[in-house]
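Protein chains: 2
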Amino acid sequence: MIQSVDRAARILAVLGSGPPRLGVTEIADRVGLAKPTVHGLLRTLEHHDLVAQDPDTGKYSLGPGVVSLGNSFLGGSELRARSLRWTEVLARKAGEAVWVATLSGPRVIVLHHVFRPDDTVQILEVGATVPWHACALGHAIVAHLPTAEQARALASDLVPLTGRTRTTKAALRRALAQVRRQGLAVEDQEATVGDAGIAAPIFGRDSVVAGAVGLVGPADQLLVPAEAEPDLDRPDAAHPDVPRPELGRAVQDAARAISRDLGAGRGSPLGPVLSALS
Amino acid sequence: MIQSVDRAARILAVLGSGPPRLGVTEIADRVGLAKPTVHGLLRTLEHHDLVAQDPDTGKYSLGPGVVSLGNSFLGGSELRARSLRWTEVLARKAGEAVWVATLSGPRVIVLHHVFRPDDTVQILEVGATVPWHACALGHAIVAHLPTAEQARALASDLVPLTGRTRTTKAALRRALAQVRRQGLAVEDQEATVGDAGIAAPIFGRDSVVAGAVGLVGPADQLLVPAEAEPDLDRPDAAHPDVPRPELGRAVQDAARAISRDLGAGRGSPLGPVLSALS
DNA sequence: AATGGTGTTCGACGATGCCGAAAGGTTCGC
DNA sequence: GCGAACCTTTCGGCATCGTCGAACACCATT
Numbered sequence: 002m003i004q005s006v007d008r009a010a011r012i013l014a015v016l017g018s019g020p021p022r023l024g025v026t027e028i029a030d031r032v033g034l035a036k037p038t039v040h041g042l043l044r045t046l047e048h049h050d051l052v053a054q055d056p057d058t059g060k061y062s063l064g065p066g067v068v069s070l071g072n073s074f075l076g077g078s079e080l081r082a083r084s085l086r087w088t089e090v091l092a093r094k095a096g097e098a099v100w101v102a103t104l105s106g107p108r109v110i111v112l113h114h115v116f117r118p119d120d121t122v123q124i125l126e127v128g129a130t131v132p133w134h135a136c137a138l139g140h141a142i143v144a145h146l147p148t149a150e151q152a153r154a155l156a157s158d159l160v161p162l163t164g165r166t167r168t169t170k171a172a173l174r175r176a177l178a179q180v181r182r183q184g185l186a187v188e189d190q191e192a193t194v195g196d197a198g199i200a201a202p203i204f205g206r207d208s209v210v211a212g213a214v215g216l217v218g219p220a221d222q223l224l225v226p227a228e229a230e231p232d233l234d235r236p237d238a239a240h241p242d243v244p245r246p247e248l249g250r251a252v253q254d255a256a257r258a259i260s261r262d263l264g265a266g267r268g269s270p271l272g273p274v275l276s277a278l279s
Numbered sequence: 002m003i004q005s006v007d008r009a010a011r012i013l014a015v016l017g018s019g020p021p022r023l024g025v026t027e028i029a030d031r032v033g034l035a036k037p038t039v040h041g042l043l044r045t046l047e048h049h050d051l052v053a054q055d056p057d058t059g060k061y062s063l064g065p066g067v068v069s070l071g072n073s074f075l076g077g078s079e080l081r082a083r084s085l086r087w088t089e090v091l092a093r094k095a096g097e098a099v100w101v102a103t104l105s106g107p108r109v110i111v112l113h114h115v116f117r118p119d120d121t122v123q124i125l126e127v128g129a130t131v132p133w134h135a136c137a138l139g140h141a142i143v144a145h146l147p148t149a150e151q152a153r154a155l156a157s158d159l160v161p162l163t164g165r166t167r168t169t170k171a172a173l174r175r176a177l178a179q180v181r182r183q184g185l186a187v188e189d190q191e192a193t194v195g196d197a198g199i200a201a202p203i204f205g206r207d208s209v210v211a212g213a214v215g216l217v218g219p220a221d222q223l224l225v226p227a228e229a230e231p232d233l234d235r236p237d238a239a240h241p242d243v244p245r246p247e248l249g250r251a252v253q254d255a256a257r258a259i260s261r262d263l264g265a266g267r268g269s270p271l272g273p274v275l276s277a278l279s
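Residue numbers (the numbering used here), protein chains in the order written: chain L, 2 to 279; chain E, 2 to 279.
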C-alpha cells in the first residue's frame with residue numbers, strides 16, 4: 002500500500018462524502034494528517050483536475066476530472082452494457098423504474114437506471130450509492146457473496162435510513178437466507194419511505210455475483226399483502242409484504258438473461274444449475 | 002507535486018481513455034514506469050475501489066469508486082445546481098436538447114443534460130467530454146478565458162472530429178473573436194456529423210467564466226442560411242450558417258439567468274456591463 | 001515439454017515526501 | 001481603523017517511503 006496515494010484517495014473520499022466544499026484544515030482533521038501534507042496532496046490532485054479550488058474562498062472540492070473518469074467506467078462496464086437490452090424490457094413489462102447496481106465496499110452503486118415508462122419527471126440516479134443493507138439490490142448481491150466477504154458486509158455500519166430499515170445482524174442474516182432460498186430480494190421502505198424494491202442477483206463468469214437488477218417504485222405498486230391468513234377477521238393486520246408474483250418472475254428472468262449474456266455458469270459448481278433454470 | 006500521487010492520477014487517466022481493460026505491462030508502457038511501480042500503485046488504488054481487477058484475466062479497469070466520486074461532484078456543483086431551473090425552460094422553449102458544460106484541461110465536460118422534449122430515446126451524455134475546439138460550448142468558454150489560459154487552450158492538440166472541424170489556430174482565433182463580439186458561439190457539425198450547437202458563456206463570481214450552456218441538435222433545426230445574399234440566383238450555394246435568432250436569444254437569456262444566480266458581476270470590471278445587459 | 005507472455009514478490013538504494021515552524025493574507029470583532 | 005485570530009501557503013532538514021532490477025509463479029501457446 003503506497004502511503005501517499007492511499008492518503009490522496011482518502012482525501013477524495015472525504016471530499017466525496019460530506020459537505021461539498023472543505024478547507025485544508027478541515028480535510029487535515031478528517032483524515033488525521035498535518036496541514037502541509039494535505040496541501041501538497043491537494044495540489045497534486047488539483048493538477049489532474051481531480052479536485053478544484055474555489056478561487057474566492059480557497060476551499061477545495063472534487064474536480065471535473067472525476068466525472069470524466071466515472072463516465073469512462075460506466076462506458077467500459079460490461080455489466081452495464083449487457084444490462085441495457087434486458088432492463089428496457091423489464092421496465093416496460095413492469096411499468097416501474099429499473100436499477101442495475103454493483104457493490105462497492107458497504108454500499109451499492111447504481112450503474113444503470115431505466116425510467117418508469119410514464120411521462121412524470123424523474124431524476125437520474127446513476128452513480129448514486131445506497132447502503133447495501135437498506136435496499137433489495139444490496140441484499141441480492143450480499144446474499145450470494147463468499148462467506149468471508151459476507152461477514153465483512155455484515156460487520157459494516159448498519160445505519161437505519163427509515164424507521165423500517167433492518168439493522169441487526171440477525172435480521173439481516175435471516176433476510177439473506179430468504180433471498181438465497183427464493184432467489185429474490187424484497188425491501189419495503191427500508192431506504193426511502195414509500196418506496197419498495199424487488200431485486201435478483203446477476204452472476205458473471207465463474208458464477209460470482211457481479212451485481213443485481215431490480216425494480217424500484219411505490220410500495221403499494223410492487224408489493225401485495227402476504228398470503229391470506231386463516232383469520233381474515235383482522236384484515237387491517239395484514240401488511241404489504243410479498244412481491245407481486247408476476248413482477249418477481251420478471252425480475253428473475255431479467256437477472257438470468259443478463260447473467261447468461263455475461264457468460265455465467267462456465268466451469269463452476271453452480272453452472273449446471275443455472276443452465277437448467279434458463 | 003507529489004510524485005506517486007501524480008503517477009497514480011496518470012494511471013487513472015490512462016484507464017479512463019483508451020481500452021477499458023489494460024494489463025500491468027500495458028499501463029507501465031503508457032505511463033513510462035517500471036512494472037512493479039505500476040503494480041504497487043494499482044494495488045493501492047484498488048484498495049479504494051478506484052480501480053478493479055478482473056479476477057479472470059488479471060487486467061485492470063476503473064473501479065466503482067470513481068462513479069461514486071463523479072456523482073458527488075455533480076451533486077456539489079454549484080454551476081449544475083443553478084442550471085437545473087433555467088435549462089428546463091430553455092429546452093422547452095427551443096424544443097431541443099440542452100447541455101451545460103465546464104472546461105477541464107483541453108476538453109469540456111457535460112455537467113447537465115436536459116433531453117429534447119419529445120419521446121424519442123436519447124442517451125444521457127452527462128460526464129461525456131468533447132475537445133473544446135470542436136463544440137460551441139468550448140468556444141463560448143475559451144473565448145472568455147484570461148489570455149494566458151486561452152493561449153494554453155489554443156496550444157492543445159486540435160484534432161478534427163469531422164470534416165468540418167476547424168483546427169487551425171487562426172480559424173479558431175477568428176471564431177473566438179466572433180464569439181466575444183456577439184456573445185454567442187455557433188458550431189456546425191464540427192463534433193458530430195448532422196449536429197450543430199449554439200452556446201453562451203456562464204460567468205461566476207468576479208465574472209470569470211464558470212462554464213457554458215447551449216443547445217445541441219440537428220443542424221437544420223438550429224441553423225438557418227446566412228442572411229440573404231445579393232445574388233439569389235445561386236440558392237444552393239447558401240449553406241446553413243447562422244443560428245435561428247430566437248434560439249440564440251433564448252440561449253443568451255438562459256446563460257445570463259444562470260450567471261446571475263451564480264452571483265456574477267460583483268466587484269469586477271465586467272460587472273457593470275453584465276448588469277446593464279440583464 | 002519448452003517457450004513467451006503474463007501478474008506478482010523481494011530487497012537494497014537513494015530520492016522523495018512528511019511535518020514543525022514561520023510567513024503572507026483575509027476576515028472578523030472591537 | 002486597528003488588532004487578533006483564523007485561514008492557506010511556503011520553507012527546509014530528517015527519516016521515511018517509494019522506486020526499480022531481478023527473480024518468481026503462473027498460464028496459454030507452440
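Heads up, the beta-carbon is just placed ideally off N, CA and C, and yes, glycines get one too.
### Task
Just tell me which of I203/L, P147/L, R175/L has its CA closest to the CA of V101/L.
Ranked by Cα distance from V101/L, the first of I203/L, P147/L, R175/L is I203/L.
### Query
Just the Cα atoms here: how many angstroms apart are E89/L and Q253/L?
Cα-Cα distance, rounded: 14 Å.
### Message
For the stretch 206-217 of chain L against the stretch 162-169 of chain L, do three or more pairs of beta-carbon atoms, one drawn from each stretch, fall closer than 8 Å, so that the two count as touching?
### Response
Taking a cut-off of 8 Å for Cβ pairs, the stretch 206-217 of chain L and the stretch 162-169 of chain L do not touch, as fewer than three such pairs fall below it.
### Message
Looking at V243/E: is its Cβ nearer than 8 Å to the Cβ of V225/E?
### Response
The answer is yes: Cβ separation under 8 Å.
### Query
Helix, strand or coil for T130/L per DSSP?
Strand.
### Partners in chain L for T103/E, counting only beta-carbon separations shorter than 8 Å
Correct list: P65.
### Message
Which residue wins for smallest C-alpha separation from R250/E, given the options V187/E, L16/E, P219/E?
### Response
Nearest C-alpha to R250/E: V187/E.
### Task
Would you grab the beta carbon distance between T45/E and I3/L for me? Rounded to a whole angstrom, and I think it's under 8 Å.
Rounded, the Cβ-Cβ distance is 5 Å, consistent with contact.
### Task
Ignore the nearest five residues each way along the sequence and tell me which others in A176/L's own chain have a CB closer than 7 Å to its CB.
For A176/L, where only same-chain residues beyond five positions count, the Cβ hits under 7 Å are H140, R167.
### Task
Show which residues of chain L have a CB atom less than 8 Å away from the CB atom of D7/E.
Within 8 Å Cβ-Cβ: T45, H48, H49.
### Task
Taking C-beta pairs closer than 9 Å, name the residues in chain E that D262/L reaches, listed in chain order.
For D262/L, there are no neighbours in chain E by C-beta distance under 9 Å, as the nearest C-beta there is about 16 Å away.
### Query
Thinking C-beta only, is Q123/E closer than 8 Å to A98/E?
Between A98/E and Q123/E, the C-beta spacing is below 8 Å.
### Task
Return the Cβ separation of R22/L and S62/L in integer angstroms, given the expectation that the two are a contact with Cβ distance under 8 Å.
Their Cβ separation, rounded to whole angstroms, is 5 Å, which keeps R22/L and S62/L in contact under 8 Å.
### Query
Which residue's Cα is closest to the Cα of G76/L: A135/E, G19/E, R245/E?
Residue G19/E is the option with its Cα nearest to G76/L.
### Query
Taking buried to mean at least 16 other C-beta atoms within 10 Å of its own C-beta, is T103/E buried or exposed?
By the Cβ-count criterion, T103/E is buried, with 16 or more other Cβ atoms from all chains shown falling within 10 Å of its own Cβ.
### Query
Relative to the alpha-carbon of S78/L, which residue among A95/L, A197/L, I110/L, T58/L has its alpha-carbon at the smallest distance?
If we check each option's Cα against that of S78/L, I110/L comes out closest.
### Task
Give the range of the alpha helix (DSSP H) segment to which T26/L is assigned.
Counting along the chain, the alpha helix (DSSP H) containing T26/L begins and ends at 25-32.
### Task
Please state if the CB of S5/E and the CB of L42/E are separated by a distance shorter than 8 Å.
A distance below 8 Å separates the beta carbons of L42/E and S5/E.
### Message
Just list the residues that DSSP pairs L85/L with in beta bridges.
### Response
Per DSSP, none; premise fails for L85/L.
### Task
Check whether the Cβ atoms of A255/L and L91/L sit closer than 8 Å, and answer yes or no.
The answer is yes: Cβ separation under 8 Å.
### Query
Mapping DSSP to helix, strand and coil, what is R108/L?
Under the three-state reduction of DSSP, R108/L is assigned to strand.
### Query
Could you give the C-beta distance for A220/E and G195/E, rounded to a whole number, given that I count them as a contact under 8 Å?
Sure, about 6 Å apart at Cβ, within 8 Å.
### Task
Go ahead and label D232/E buried or exposed: buried means 16 or more other beta carbons lie within 10 angstroms of its beta carbon, across all protein chains shown.
Any answer about D232/E is weak, because its pLDDT of 49 lies below 50 and its placement is not dependable; what the coordinates show is given next. By the 16-neighbour rule on beta-carbons within 10 angstroms, D232/E is exposed.
### Query
How long is the line joining the alpha carbons of A227/E and Q179/E, rounded to whole angstroms?
The alpha-carbon atoms of A227/E and Q179/E are separated by roughly 15 Å.
### Short-range partners of chain E found in the stretch 125-149 of chain L, where Cβ spacing is below 8 Å
Flagged, chain order: L125, V127, G128, A129, T130.
### Query
If we count Cβ pairs, one from each stretch, closer than 8 Å, do we get three or more for the stretch 10-19 of chain E versus the stretch 45-59 of chain E?
Touching, per the Cβ criterion.
### Query
Does the Cβ of R86/E have 16 or more other Cβ atoms within 10 Å, making it buried, or fewer, making it exposed?
That one is exposed.
#### Entry: Interface flag, P107/E vs chain L, CB-CB below 8 Å
The Cβ of P107/E sits no closer than 8 Å to any Cβ of chain L.
### Cβ of I259/L within 8 Å of any chain E Cβ
Judged by the 8 Å Cβ criterion, I259/L is not in contact with chain E.
### Message
Could you tell me the alpha carbon to alpha carbon distance between R83/L and A152/E, rounded to whole angstroms?
### Response
Approximately 43 Å between the Cα atoms of the pair.
### Query
So what does DSSP say about V101/E, is it helix, strand or coil?
Correct three-state label for V101/E: strand.
### CB of L185/E within 8 Å of CB of A201/E, strictly
Contact: yes.
### Query
Which residues in the same chain have their Cβ closer than 6 Å to the Cβ of A192/E, if we skip the five residues on either side of it in sequence?
V131, A135, C136, L162.
#### Entry: Best match in V68/E, I199/E, T121/E, K60/E for proximity to A129/E [C-alpha to C-alpha]
That would be V68/E, whose Cα lies nearest to the Cα of A129/E.
#### Entry: For V187/L, the residue or residues it bridges with in DSSP
Under DSSP, V187/L takes part in a beta bridge, and its partners are I199/L.
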